[in-house]
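Okay, so here's the structure we're looking at.
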Amino acid sequence: MFDALEVHPLSIGGKEDPVRLVFNARTGPAITASIVDLGNRFRVIVNEVDSVEPPPKLPVARAVWKCRSDFKTACATWIYAGGAHHTGYSYGVTAEHMEDFAEIAGVEFVVIDAKTELRDFKEQLRQGEIYYHLAPGLGRL
């Protein structure tokens, strides 16, 4: 299941060096996902990614990926959407599964994928803000 338990220097906090579970993730398509509380609603954010071979000797779990559409666009859209630092990561669950979950749960869903354009994504977020502001008064959610 995992490659090793290893001790690596932490070098912060003046504490003992921690034991870390170290493993190599497989390559292939995957998603990262985050659920954020926006005050008046929750938002599920999904980024479709491609897991790649990690650089050798990282002292942590070794899951390295290339973002879709590209690094700059994915990072910018993740930040605009309010994406969290800690995420869920899956090879088995797809963006479509997460979209279905969000619809069933009645929460907002945004996806960052190969077709994502920053300008369009920002407009989608603005329209979502309007919808979730007006929908309760219209009896829709």
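609 is the number of the first residue of the sequence shown in the numbering used here; add one for each residue after it. Where a beta carbon is used, it is the ideal one built from N, C-alpha and C, also for glycine.
Rounded to the nearest angstrom, the Cβ distance from alanine 682 to arginine 676 is 7 Å, consistent with a contact under 8 Å.
In the assembly as shown, valine 718 is a buried residue. Its beta-carbon has 16 or more other beta-carbons within 10 Å.
Glycine 696 carries a strand assignment under DSSP once its states are collapsed to helix, strand and coil. C-alpha of glycine 621 to C-alpha of valine 644: approximately 29 Å in a straight line. Sixteen is the threshold: when 16 or more other Cβ atoms of the shown chains lie within 10 Å of the Cβ of isoleucine 720, as they do, the residue is buried. Sequence-distant Cβ neighbours of isoleucine 653 in its own chain, meaning closer than 6 Å and more than five residues away, are Ser642, Ala689, Gly691 and Val718.
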